[in-house]
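A.B. asks:
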Amino acid sequence: MSDNVYRTIKVTGSSTEGIDDAIRKAIVATSAAEKDVEWFEVTSVRGHVTDGTVEHFQVTLDVGHQVTAE
C-alpha cells in the first residue's frame, strides 16, 4: 500500500427514509463534487420529530478524499 494524503470534509445528509439513506445521499452528492472519495466516518446522527413521529434523519459525516499532486 502506498502512502496517501487525504483531505477531510464535513457533510450532512438528510432523509425521510432512514439513516442509511441519508449516508448514501451524502456520499453520492460529495462524490459528484469531489474527486477520489475513499472513506467516511459518521460523526453524529440526529433527527426531527413531529407529533411523536420521526420526520427525517440527519447524519453528519467526515468524508475523506485523496489529495493528488498535479
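Per the working numbering, the very first residue in the sequence shown carries number 3; after that it's consecutive. C-beta: ideal position from N, C-alpha, C; glycine also.
1. Tell me which same chain residues have a C-beta within less than 7 Å of the C-beta of Ala35, skipping the five on either side of it?
2. Alpha carbon to alpha carbon, what distance is there between His58 and His67?
3. Compare the C-alpha of Thr14 against each of Glu43, Val7, Val69 and name the closest.
4. Less than 8 Å between the C-beta atoms of Val65 and Thr10, yes or no?
5. In its own chain, which residues sit with a C-beta less than 8 Å from the C-beta of Ser33, not counting the 5 before and 5 after it?
C.D. replies: Straight from the coordinates:
1. Setting aside the 5 residues that flank it on each side, Ala35 has no residue in the same chain whose C-beta is closer than 7 Å to its C-beta.
2. Linking His67 to His58 through their CA atoms gives a straight-line distance of about 27 Å.
3. Comparing Cα positions, the closest option is Glu43.
4. Result yes, Cβ atoms of Val65 and Thr10 sit closer than 8 Å.
5. In chain order, Val39 place their CB closer than 8 Å to the CB of Ser33, counting only its own chain and leaving out the 5 sequence neighbours on each side.
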